[in-house]
Amino acid sequence: MGGYGDVKLLRDDGLRLDGRKVDEMREVQVEAGILPAADGSAWVKHGLNVAVCAVYGPMEAHPRKIQRQDRAVIDVRYNMAPFSTSDRIRPGFNRRSREISKVTAEALESVVLVERYPRSKIRVEIEILAAEAGTRCVGITAAAVALADAGIPMRDMIVGVASGKIEDTVVLDLDKAEDNYGQADLPMGILPTTGEIAFLQMDGDLSVEEYNTCMEYNMKAAKEIHVLMIDALKRRYAEKNGGES
Amino acid sequence: MSGAKEGAELRLVTPGEAIGASTGVRAGTGTLIMGDNIIATKVGWVKEYNGVTSVDPIHSAYMPRSGDLVIGVVESVRNNLWFADVNGPFNGLLPMSLAPWKVEFGAAREQMDIGDVMLARVQEVDEAHNIVLTMKGVGLRRLKEGIMSEISMNHISRLRGEGDSILRSLKEVSDCRIIVAENGRVWVDGDADGIAFMRTVIDLVRNEGHKATFNASIEALIENRRNA
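For the protein sequence lines, the chains are B and P, in the order given.
So in my numbering, the last spot in the first sequence is 315, and the numbers never skip.
So in my numbering, the last spot in the second sequence is 954, and the numbers never skip.
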């Protein structure tokens, strides 16, 4: 079972092509509040993925038919820049971006206290500037930081992480080759403080044991990224001696 | 410093972070009780006051409450009412009956058109977040000149200072009329020099309003101008 023919994804010494161990994540960097025009914003670099997210609102929901009398709606627009991949992407909505926008919105709705803002809309714009597998997870992470930066009340900060399977081995955080030629991919949206899962998709097949290993890897990675997210938000505001309120 | 403990180590929290056990304390704004813990729902400073634990948010949207003084921008006009953007999630509605003028049905535009700015008070906010504004009251009027700018909600108290002290000094040294409305909008009118000074003040609030050094910086700015 090698996915696509004989692409070799694990080296003889057990490391992956880019030299990572099976449970090692790509490097992650997070910055909060990078866009002055937005109510809240974030920049996340995860490996070679770069995502920028802007949050606006809560504002009056238009058109009126999307308004909900008892809660706010979250309007997510996930978009990949035409230059984000090696093949140019035709600008604008497509089936894939529509799907990711929908699942991201549903994941965020489970953490944002939407009942505080009836009839309104929170606009979340996720722009992928560079893509290298796992952009939906990076988008979710960026959206969580941007929402926190915008002062939108949330139960927790959701973290997007993925694991998968290559050459019958479970690995954390697939890169482009592993995603394209691997056997399975399991992106998740995790609430790190409670360990709840707000979003889960699976592409390919995993046995129960493999799934459990993926979960374990994802939970561990989510906690690591969560520390970076908190750090980014605190770095933006905290003064050396603590600011006044 | 709005009720926070003087000299105490101020704690910055992020959404989902546990502030402490929920026994014996009440959950205030910006917090939520989950299980045995009080957790923060916003990024901000933890505040404990009279047995209530709350989070003073660093950023928050304006949520209108009745009685608030607001600066609104007219967004649309009907025959006998105006809709104004009050920097909140919903537009405020100003009916003819609460406007200071009596004009004929259909002639609302003659008094105030789209883009005009008004100083109004929130008369009522109902459970569906409909906002009704009033312009009947002392000082409430259409603002015809001057400049309007926006600052973050949590910087309003910083710009005003303890008992409006900073605002009073600013009015004095800039020789401008200044209104700091509850919805984060600031209106300034005076001569060009005074307005230019106020622009630098508002830039300072925007960039440094959340910092501990803010009070010192703004007092230095005021002192500089006073001596100039």
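In this text, a Cβ means the ideal position worked out from N, Cα and C, and glycines have one as well.
For residue i, I'd like the list of residues in its chain whose CB is within less than 8 Å of its CB, leaving aside the five on either flank, ordered along the chain.
| i | result |
| --- | --- |
| B/GLY103 | GLY110, SER111, ALA112, ASP219, ARG306 |
| P/THR779 | ILE745, GLY746, VAL751, ARG752, ALA753, GLY754, THR757, ILE764, VAL772, LYS773 |
| P/THR740 | ALA766, VAL769 |
| P/LYS897 | ARG903, ILE904 |
For residue i, decide whether its Cβ has a neighbour in chain P, counting only Cβ atoms nearer than 9 Å.
| i | result |
| --- | --- |
| B/ARG225 | yes |
| B/GLU130 | yes |
| B/LYS304 | yes |
| B/LEU183 | yes |
| B/PRO133 | no |
| B/GLY230 | no |
| B/ASP219 | yes |
| B/GLN139 | yes |
| B/ARG147 | no |
| B/ILE222 | yes |
| B/ILE144 | no |
| B/ILE300 | yes |
| B/TYR281 | no |
| B/TYR307 | yes |
| B/PRO188 | yes |
Less than 9 Å separating the beta-carbons of residue i and residue j?
| i | j | result |
| --- | --- | --- |
| B/SER190 | B/VAL143 | yes |
| P/MET844 | P/GLY814 | no |
| P/ASN805 | P/GLY761 | no |
| B/LEU270 | B/ALA213 | no |
| P/ALA834 | P/LEU866 | no |
| B/VAL240 | B/ILE295 | no |
| P/ILE948 | P/SER883 | no |
| B/MET258 | B/ALA292 | yes |
| B/ILE300 | P/GLU743 | yes |
| B/PRO128 | B/ILE222 | yes |
| B/ASN119 | B/ALA200 | yes |
| P/LEU859 | P/ALA810 | yes |
| P/TRP913 | P/GLY872 | yes |
| P/LEU795 | P/TRP808 | no |
| B/ASP245 | B/LEU80 | no |
| P/MET838 | P/VAL803 | yes |
| B/ILE196 | B/VAL184 | no |
| B/ARG160 | B/PRO152 | yes |
| B/PRO188 | B/ARG134 | no |
Counting only beta-carbon separations shorter than 9 Å, does residue i have a partner in chain B?
| i | result |
| --- | --- |
| P/VAL858 | no |
| P/PRO741 | yes |
| P/HIS936 | yes |
| P/ILE745 | no |
| P/SER748 | no |
| P/SER786 | yes |
| P/HIS855 | yes |
| P/GLY865 | no |
| P/PRO783 | yes |
| P/ILE944 | no |
| P/MET844 | no |
| P/MET760 | yes |
| P/GLY798 | no |
| P/LEU738 | yes |
| P/GLY756 | yes |
For residue i, which residues of its own chain have a beta-carbon under 6 Å away from its beta-carbon, when the five flanking residues on both sides are left out?
| i | result |
| --- | --- |
| B/GLU314 | With a pLDDT of only 44 at B/GLU314, under the threshold of 50, the placement of this residue in the model should not be trusted; the figure read from the coordinates follows. Correct list: empty, nothing qualifies. |
| B/ARG225 | VAL181 |
| B/PRO262 | VAL229, ALA292, LYS293, HIS296 |
| P/MET861 | ALA825, PRO826, ALA846 |
| P/ILE905 | TRP913 |
| B/VAL146 | SER171, THR174, ALA175, VAL194 |
Compute the minimum distance between the beta carbon of residue i and the heavy atoms of the ligand GTP, and state whether it is under 8 Å.
| i | result |
| --- | --- |
| B/TYR287 | With respect to the ligand GTP, the structure shown offers nothing to examine, as it has no ligands at all. |
In chain order, what residues of the same chain have a beta carbon less than 7 Å from the beta carbon of residue i, not counting five sequence neighbours either side?
| i | result |
| --- | --- |
| P/PHE923 | SER900, ARG951 |
| B/SER154 | ILE198, LEU199, ALA200, ALA201 |
| P/GLU836 | VAL829 |
When you compare the region 114-126 of chain B with the region 206-226 of chain B, are there three or more beta-carbon pairs, one atom per stretch, that lie closer than 8 Å? Between the region 114-126 of chain B and the region 206-226 of chain B there are three or more C-beta pairs closer than 8 Å, enough to call the two in contact.
Whether or not the region 82-100 of chain B and the region 282-298 of chain B are in contact is what I'm after, with contact meaning three or more pairs of Cβ atoms, one per stretch, closer than 8 Å; do they touch? Flag = yes, the region 282-298 of chain B and the region 82-100 of chain B touch.
Contact residues within the region 103-131 of chain B, judged by C-beta distance below 8 Å to chain P: ASP109, GLY110, GLY127, PRO128, MET129, GLU130
What are the residues in the region 236-266 of chain B lying within 9 Å of chain P by C-beta distance? LEU261, PRO262, THR263, THR264
Under 8 Å, CB to CB, which of the residues in the region 890-913 of chain P have a partner in chain B? none
Counting Cβ pairs, one atom from each stretch, are 3 or more of them under 8 Å apart for the region 247-265 of chain B and the region 226-237 of chain B? yes
Check whether the region 881-895 of chain P touches the region 847-866 of chain P, counting contact only when three or more Cβ pairs, one atom from each stretch, lie closer than 8 Å. no
Which residues, in order along the region 816-827 of chain P, keep a beta-carbon less than 7 Å from a beta-carbon of chain B? PHE816, ASN817
Any residues in the region 190-203 of chain B with a beta carbon nearer than 7 Å to a beta carbon of chain P? Which ones, in chain order? SER190
Three Cβ pairs or more, each shorter than 8 Å: is that satisfied between the region 872-883 of chain P and the region 931-941 of chain P? yes
Just by C-beta distance, which residues in the region 765-776 of chain P are closer than 7 Å to chain B? THR767, LYS768, VAL769, TRP771, LYS773
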